[in-house]
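Chains A and B are the protein sequences, given in the same order.
If you count by my numbering, then the first sequence holds residues 1 to 485, one letter each, in order.
If you count by my numbering, then the second sequence holds residues 1001 to 1480, one letter each, in order.
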Amino acid sequence: MEKEVMALRECYRSGKTKQMSWRRSQLRGLRDFLKEKEVEIFRALNQDLGKHYVEAFRDEVGILNKSLNFVFKELKTWMSTTEAKLPIIALNSSAQLVPEPLGLVLVISTWNFPLALSLEPLIGAIAAGNAVVLKPSELAPACSSLLVNSLPNYLDNEAIKVIEGGPAVGEQLLQQKWDKIFFTGSPRVGRIVMSAAAKHLTPVTLELGGKCPAVLDSLSRSWDKEASVKRIIWAKYGSCAGQACISVDYLLVEKAFSSTAVELMKVMIKKVFGDNPKESQSVARIINKHHFLRLKNLLTDEMVKDSIIYGGSMDEDSLFVEPTILLDPPLHSKIMTEEIFGPVIPIITLDKIEDSIDFINSRPKPLAIYAFTNNEVFKERMISETSSGSVVFNDAIVQFAADTLPFGGIGESGIGKYHGKFSFDTFSHYKSIARRNLYTDFWFRFPPWTNYKLELLETAFNYDYFGMLLVLLGLKRSRKRFHIN
Amino acid sequence: MEESVAVAELRETFKSGRTRSVAWRKNQLRALIDLINENEDSIFKALHQDLGKHPVESYRDEVGVILKSASYTLSCLDKWVAPRKSELPWLLFPAKGEVQPEPLGVVLIFASWNFPITLALDPLIGAISAGNTVLLKPSELAPACLSFLIETIPHYLDNKAIKVVGGRVEVAERLLQLKWDKIFFTGSPRVGRLVMAAAARYLTPVTLELGAKCPAIVDILSSPFKTKVAAKRIVGGKWGPCTGQACISIDYLLVEEKFASTLIELLKKYIKRFYGENIKDLKSIARIVNKHNFQRLHNLLKDPNVAASVVYGGSVDEDKLVIEPTILLDPPLDSEIMTEEIFGPLLPIITVKKIEESIDFINSKPNPLVIYAFTEDETFKKRILSETSSGTVTFNDSMIQFLCDTLPFGGVGQSGFGRYHGKYSFDTFSHEKAVLHRGFFPELEPRYPPWTNFKLMFIKLAYKFDYLGLILLMMGLKKS
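Next up, the structure:
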């Protein structure tokens, strides 16, 4: 593996990946891959996660196409040099900022959106001109194989490599020296990645997870109520069966409103996912037995199982868990302390909806907070009194599709951000350039020191041009500021 | 343990929300300006005691920098805290997107000893402006400045939100065991690694301002006047700030063989003019911070091959911890003086046959914080920019990029990651929260199952923002 990494470094050093033409050609290669291999992609996603091909298009292929289009449009602007304003005192000087690639980038992807979470960071790394190693997750083996076998036919193999494997391969990769590591996954492994990166002082972006709460206010209009509930259950069950870092993890409602909410949820689940979500594949399945059993344990927990008010059936052979609702499970149970990552939604009832703020703040900072409300004051409070990667009002998950919004966490939910230009930035170093000329000089910059020079330096620092003039003309007395020679 | 009590109080204060108010932030910044203005003498005295800095150097590199930084921040703060609108595609209509900066929480700042006031207070300005609570740990290697900060800060700033802690390595280690929302570290790459590894336990984001050998390329210039200006700036940039003990000091020079002797003569002339004729008459120049670093530098010179390459200076005064400005010509490239960051008043000059060779030379070493290049050749400038990597590139001057509030200051590779100064300070201590406001109407049914080909077509067109196509599809005029 060291040889492979060295070869990548040689390739990067040749300067090839910095060329705009190279970057565009690679992005076109990705576009062709998504178009020509669409059928294989759908098949792999269905095999690994039971995703229906429309869900696969919506959450993986379509998103990537959108991102690619955005990058194509903006790349030239992003790569350009920008001027930095300097004060007048910097006579005849200029300053600029120019983005440059970091060098060798390692992208470690995860299993729930195995295409999207591999290729979206890859798009950013390529756009910024880096050489890249992509390590897809071995837990989504069909997708991993597809990437390993097909991508090399569309991309420059000298500069972009896909390496398959499990934790052992991951560890080996982490021993190498990278100029940037981009990791999507759990906080536990995020820590391991960051520790490894510390050895080489490698900057990292960590896209982690957390329990993303949804807060449902007591809405009065039935349209609002229905739309909210529909969006909540969709954000819970409709995207990889709740196995997403931005899924709604749990729901907070006022006691008085909870029965309305629950009834509406039951109706919507049937309406959206149908009577047999397993057959229709409107709900994906659990990735593997390990996670299936994990979810099973969460639900069969003595403290928790009595709070199941809807669903609850699980089929180990097909790794399918039906959409499930819990009402007020104990707050110290595992299902309320760990990220659920599955199609189970606990509803926690509160006396007042405003209590949701304290509830959220008493837990680690999530990737997203979803609040369904028309109360503008409450919205303001939610923004200013909680902390999360993002806050979305009256919808969920869609922030992922906005190229102009930074996508990333804070605290336990991660470090750094990407999407759109934020992707380009996360894989770039912005080099500052200061240009001076040799015609003029401020003689008072240099020793031997005198009070007079000090006075001039002070006016210069304060951009006090008039004061400087006065000092120079001898019209301002310099007070004796120091006694040392 | 004292530190955890202090941190717990900082966390309580942050939770109370007090530090989020823009009024609070501005008050703290104004108080900091007062602190500097009212204690200028004490600051000069402390810097002279710790490092032998002349008050004018102290004003230029520490007092003036902080005053400028705080005023700039005060004048821009309202703009920086305001949410930035993000344009969203029509597809999401009705929707409003913004990016809202918010404080990270409880911040730990480690300052280094060479600019003990600036490297403590400039990050502090950033952390305060972003609304955080702060624990500041200045370096114990500059004890007078440390005492000054410990004694003075509580009289001017909000004690419950901003604390200063002294002590040695053990204190730093204890601090790193605690949970922070951000760590800002200025220092060596070796300690930078330890800081980042400790931060990994809590997934704490870090900014590391480190160092590396900053080269200065000196090309042949078109007139004697310009050559003199360049020489002055090189001398001022090597020995002016803390006698070369700065992360952005010129570490070594690269010049063409045929130009070396001319340059050396000019350098000698300005060294004598600025700092004195010899070690006994040395003035307007700092001293080495302590015996340990003095020995380290002295040892660099003791290597016989290196000693033989000294062409100016070389004298040391162990009692006063002074080493006179020293120039070396072509010391062996594998000697320690050419492989380690010098951080002292020794300037090796490496000669090359053609000045363009300096690019490969620089690339054979770790990425520096700055590359300085004195040249008028525009083609050569372009090559330097595109073929080397560094935090910054400065043409035809030294050190001044540090003063630009509009230029990000930070490294890449071994010289660190993250950046600050001006708005970049505010950003480095902020979290940019994405806020998306959506309406309940209309509802895009194709988002949801049950799935049909119509919905797939709709989603395809939607991602392309092909609004005409969508209309045609909805009117039944487009085949799904």
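Every residue gets a Cβ at the ideal spot worked out from N, C-alpha and C, and that includes glycine.
In this text, all values refer to a predicted model and were calculated from it rather than measured experimentally.
Rounded straight-line distance, which links the Cα of residue j to that of residue i
i                       : j                       : result
residue 485 of chain A  : residue 1037 of chain B : Residue confidence is low: residue 485 of chain A scores 47 on pLDDT, short of 50, so the model does not pin down where it sits. Its coordinate-derived value is still stated next. C-alpha separation (whole angstroms): 22 Å.
residue 1127 of chain B : residue 1259 of chain B : 47 Å
residue 1410 of chain B : residue 1210 of chain B : 8 Å
residue 1009 of chain B : residue 1105 of chain B : 12 Å
residue 1316 of chain B : residue 1115 of chain B : 23 Å
residue 250 of chain A  : residue 346 of chain A  : 5 Å
residue 333 of chain A  : residue 352 of chain A  : 23 Å
residue 1081 of chain B : residue 1100 of chain B : 8 Å
residue 77 of chain A   : residue 404 of chain A  : 15 Å
residue 488 of chain A  : residue 401 of chain A  : Not covered by the structure: residue 488 of chain A. The range shown for chain A is 1 to 485.
residue 173 of chain A  : residue 418 of chain A  : 22 Å
residue 127 of chain A  : residue 195 of chain A  : 27 Å
residue 1467 of chain B : residue 1458 of chain B : 10 Å
residue 233 of chain A  : residue 1461 of chain B : 25 Å
residue 1152 of chain B : residue 1027 of chain B : 16 Å
residue 1274 of chain B : residue 1157 of chain B : 38 Å
residue 1125 of chain B : residue 1247 of chain B : 20 Å
residue 169 of chain A  : residue 1 of chain A    : 9 Å
residue 25 of chain A   : residue 1118 of chain B : 46 Å
residue 471 of chain A  : residue 90 of chain A   : 18 Å
residue 1176 of chain B : residue 1195 of chain B : 7 Å
Contact check, residue i vs residue j, beta carbons under 9 Å
i                       : j                       : result
residue 457 of chain A  : residue 444 of chain A  : yes
residue 1359 of chain B : residue 1383 of chain B : yes
residue 105 of chain A  : residue 69 of chain A   : no
residue 240 of chain A  : residue 210 of chain A  : no
residue 420 of chain A  : residue 74 of chain A   : yes
residue 994 of chain B  : residue 1336 of chain B : Coverage of chain B is limited to positions 1001 through 1480, which leaves residue 994 of chain B absent and any answer about it impossible.
residue 1321 of chain B : residue 1290 of chain B : yes
residue 1055 of chain B : residue 449 of chain A  : yes
residue 1341 of chain B : residue 1281 of chain B : no
residue 1362 of chain B : residue 1388 of chain B : yes
residue 368 of chain A  : residue 379 of chain A  : no
residue 1318 of chain B : residue 1292 of chain B : no
Contacts of residue i in chain B (Cβ-Cβ under 7 Å)
i                      : result
residue 489 of chain A : Since the first residue of chain A shown is 1 and the last is 485, residue 489 of chain A is not available in this structure.
residue 100 of chain A : 1389
Residue i Cβ short of 8 Å to the ligand ADP heavy atom set
i                      : result
residue 317 of chain A : In the structure on display, the ligand ADP does not appear, and there are no ligands present to speak of.
Beta-carbon neighbours of residue i, restricted to chain B and to distances below 8 Å
i                      : result
residue 187 of chain A : 1203
residue 223 of chain A : 1440, 1441
Chain-ordered neighbours of residue i on chain C, where CB pairs are closer than 9 Å
i                       : result
residue 1092 of chain B : Of the protein chains in this structure, namely A and B, none is chain C.
Chain A contact residues for residue i, given Cβ-Cβ distances below 8 Å
i                       : result
residue 1061 of chain B : Here the premise fails: no neighbours, minimum Cβ distance about 10 Å.
residue 1145 of chain B : Near residue 1145 of chain B there are no residues of chain A at all, since even the closest Cβ is about 16 Å away, more than 8 Å.
Interface residues of chain A facing residue i [CB-CB closer than 7 Å]
i                       : result
residue 1180 of chain B : Correct list: empty, because the minimum Cβ distance to chain A is about 11 Å.
Neighbouring residues, chain A, relative to residue i (Cβ below 9 Å)
i                       : result
residue 1275 of chain B : 447, 448
residue 1113 of chain B : Those within 9 Å of residue 1113 of chain B in chain A number zero; the least Cβ separation is about 20 Å.
Listed by chain order, chain B residues near residue i by CB distance under 9 Å
i                      : result
residue 412 of chain A : 1202, 1203
residue 234 of chain A : 1447, 1448, 1449
Is the region 1399 to 1413 of chain B touching the region 360 to 377 of chain A, taking contact as three or more C-beta pairs under 8 Å? no
Extract the residue ranges of the alpha helix (DSSP H) inside the region 36 to 120 of chain A, only unbroken runs of 4 or more that lie entirely within it. 38 to 49, 53 to 56, 62 to 79
Looking at C-beta atoms only, is the number of pairs between the region 407 to 415 of chain A and the region 429 to 447 of chain A that lie closer than 8 Å three or more? no
For the structure I just gave you, are there three or more beta carbon pairs, one from the region 1258 to 1274 of chain B and one from the region 1357 to 1376 of chain B, closer than 8 Å? no
Report the start-end ranges of each alpha helix (DSSP H) in the region 1062 to 1105 of chain B that is 4 residues or longer and not cut off at the edges. 1064 to 1081
Tell me the start and end of each unbroken alpha helix (DSSP H) in the region 1400 to 1434 of chain B that is at least 4 residues and wholly inside, in chain order. 1423 to 1428
Could you tell me which uninterrupted alpha helix (DSSP H) segments, each at least 4 residues in length, are contained entirely in the region 1116 to 1169 of chain B, listed from first to last along the chain? 1118 to 1129, 1143 to 1156
Would you check if there are 3 or more beta carbon pairs closer than 8 Å linking the region 1080 to 1094 of chain B to the region 1138 to 1154 of chain B? no
Can you find at least 3 beta carbon pairs, one from the region 1242 to 1251 of chain B and one from the region 1305 to 1315 of chain B, that sit closer than 8 Å? no
Using 8 Å as the cut-off, can you tell me whether the region 337 to 345 of chain A makes contact with the region 275 to 295 of chain A, which would need three or more C-beta pairs spanning the two stretches below that distance? yes
Under 8 Å, with one C-beta from each stretch per pair, do the region 27 to 39 of chain A and the region 272 to 279 of chain A reach the 3-pair mark? no
Below 8 Å, how does it come out for the region 1211 to 1223 of chain B and the region 1364 to 1372 of chain B: are there three or more Cβ pairs, yes or no? yes
Check whether the region 1222 to 1230 of chain B and the region 1187 to 1207 of chain B touch, using three or more Cβ-Cβ pairs below 8 Å as the test. no
Across the region 1436 to 1445 of chain B and the region 386 to 397 of chain A, are there enough close Cβ pairs to call them in contact, namely three or more that are closer than 8 Å? yes
Using a Cβ distance threshold of 8 Å, determine whether the region 278 to 289 of chain A contacts the region 47 to 62 of chain A, with at least three qualifying pairs required. yes
Any chance you could list the alpha helix (DSSP H) runs of at least 4 consecutive residues sitting entirely within the region 1216 to 1245 of chain B, in chain order? 1224 to 1239
Cβ contact check for the region 1158 to 1170 of chain B and the region 1004 to 1019 of chain B: 3 or more pairs under 8 Å: yes
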